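So the number in the working numbering is just where the residue sits in the sequence shown, counting from 1, plus 1145.
What follows is a single structure, written as structure tokens, with notes after it.
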Amino acid sequence: MTNIDSYGVKTTKFTKGIANPTRYLRRSFVPRSKKVNAVDTESEDDKFESSILKTLVIKPCTTVTTGERYDLGKCLEILNINGFQPSNLIPGEIVSFNYRTNGIDGTIMILGQTGSVVCWGVDERTALIEIVPLISEAIVNKLEVEEYETEDMDYIEIESAEDLENLRSHSGIQSEPKINSRLIGDVILINSIEKSEGILDKAAFSSGLSRSTALAVLENAMERHISNTRIITEKISTGIKLKVKESDALKSIGRLFLIRGRLNLYSELIETPDLYWSEPELEIIFKDVSRYLDISPRINILNSKLDYSTDECRAILSLLNERNSSFLEWIIIYLITFEVIFELFHFYKSNQESTKRVEVD
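Given below as structure tokens:
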């Protein structure tokens, strides 16, 4: 949840893993509200945004990436069996359903291509304990639980014309306020006065959020690889003889190619999904949340690490091949030496027999 201190500073948690939830810094921002003595100079948009943050209920939005992708057909089947009424919101891309139980009223979106679940109005604990297990059988290439990646953000929702009127009266503005769905600092604003538009706006935000957690899964896989190969690199730097098999080096290169493929080839992580090209407002939402979560810089950094690590593995493989080549050369030398010795012995025996024959004659 978002915390507000005495200075009005909001903080929201950044992407984290299940196994180590404290290793990421928290983002923070100062709302655009002015100092008390400068209230008169505050724009109407600022007043309205400030009123939104103070008036509406802040709810949690939790994103969890659990695998490479979801089989959405199987998700629909599982949800129908369990009494939910899922909607194929974007065919082949997103399945959504309402989750109303134990006082929770949430909207759940399952994103097939990123293997993620985005839970609007549901906290992380509930998402991990109740919602993720519900559709676990539909996960393709499931991650270990400790490898799940989560993203927590907060959102506020304008659900009716009455909410909008209350906000207008609370802020004291006279003109028509901007009520389009967008980011206000670290908080997501959803305009759900038109329910169909609100659900599509949530879908666009969900695509951006799931992009971050899916990328975090690859980043962590890359970090594990770097940790494993660092020991080998340090041994090479000190002149210690490598005790690595060629098959292990090939497996490492294969893992790197798999990470690179999942980043650049097998998913839409590096590009805007085709759906949003025809929906400019949804494209803006998708790009804004991607920019907020630093998706492009993170992709560039990950690709740079992949380039370096691939070169490193190839260098290690080259050393192993050279070692094997030297080993084969020594085998050939030994065989030639053995052949020479055998021929000398054979020559010696033949010479001895010839000498004895001459002596007898």
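All residues carry an ideal CB built from backbone N, CA and C; glycine is no exception.
Since we're looking at a predicted model, the values are computed, not measured.
(Q) Here's a check: name, in chain order, each residue in its chain whose Cβ is nearer than 7 Å to the Cβ of residue 1261, leaving out the five neighbours to either side. (A) A distance below 7 Å between beta-carbons, with the five flanking residues on each side excluded, links residue 1261 to the following residues of its chain, in chain order: 1208, 1209, 1210, 1355, 1358 and 1359.
Q: Check whether the segment 1397–1409 touches the segment 1474–1489, counting contact only when three or more Cβ pairs, one atom from each stretch, lie closer than 8 Å.
A: Segments in contact, no.
Q. What's the C-alpha gap between residue 1466 and residue 1488?
A. Straight through space, the alpha carbons of residue 1488 and residue 1466 are spaced by roughly 33 Å.
Q: Answer with buried or exposed for residue 1370, where buried requires no fewer than 16 other C-beta atoms within 10 angstroms of its C-beta.
A: Counting the other CB atoms within 10 Å of its CB gives residue 1370 a total of 16 or more, which places it among the buried residues.
**Q.** Cut-off 6 Å between Cβ atoms - residues of its own chain near residue 1496, not counting five sequence neighbours on either side
**A.** Listed in chain order, the non-local C-beta contacts of residue 1496 below 6 Å within the same chain number zero, local neighbours out to five positions each way being set aside.
Q: Can you check DSSP and say which residues form a bridge with residue 1251?
A: DSSP lists 1244 as partners of residue 1251.
(Q) For the alpha helix (DSSP H) containing residue 1289, name the first residue and the last one. (A) First-last for residue 1289: undefined, no H or E at that position.
**Q.** First through last residue of the beta strand (DSSP E) which encompasses residue 1305
**A.** Note, residue 1305: premise wrong, no beta strand (DSSP E); not H, not E.
**Q.** Residue nearest to residue 1294 in terms of C-alpha spacing, selected from 1451, 1361 and 1419
**A.** Distances from the CA of residue 1294 to each of 1451, 1361 and 1419 were compared; the closest alpha carbon is that of 1361.
Q.
With a threshold of 7 Å on Cβ separation, who are the neighbours of residue 1250 within its own chain once the five nearest residues in sequence on each side are excluded?
A. Beyond the five residues adjoining it in sequence on each side, residue 1250 comes within less than 7 Å, by CB distance, of 1266 in the same chain, given in chain order.
(Q) Is it buried or exposed, residue 1388, if we count other Cβ atoms within 10 angstroms and call 16 or more buried? (A) The residue in question, residue 1388, is exposed, as its Cβ has fewer than 16 Cβ neighbours within 10 Å.
(Q) In this structure, how does DSSP classify residue 1454 when only helix, strand and coil are distinguished? (A) Assigned with DSSP and collapsed to three states, residue 1454 falls in helix.
Q) DSSP state of residue 1421, grouped into three classes? A) Correct three-state label for residue 1421: helix.
Q) Three or more C-beta pairs closer than 8 Å, one from the segment 1430–1437 and one from the segment 1218–1237: is that the case here? A) Contact between the segment 1430–1437 and the segment 1218–1237 is absent, because fewer than three Cβ pairs lie under 8 Å.
**Q.** Uninterrupted alpha helix (DSSP H) stretches inside the segment 1189–1226 (no shorter than 4 residues)
**A.** Counting whole runs of 4 or more residues, the segment 1189–1226 contains the alpha helix (DSSP H) stretches 1189–1200 and 1217–1226.
Q: Using DSSP bridges, identify the partner residues of residue 1500.
A: As far as DSSP is concerned, residue 1500 takes part in no beta bridge.
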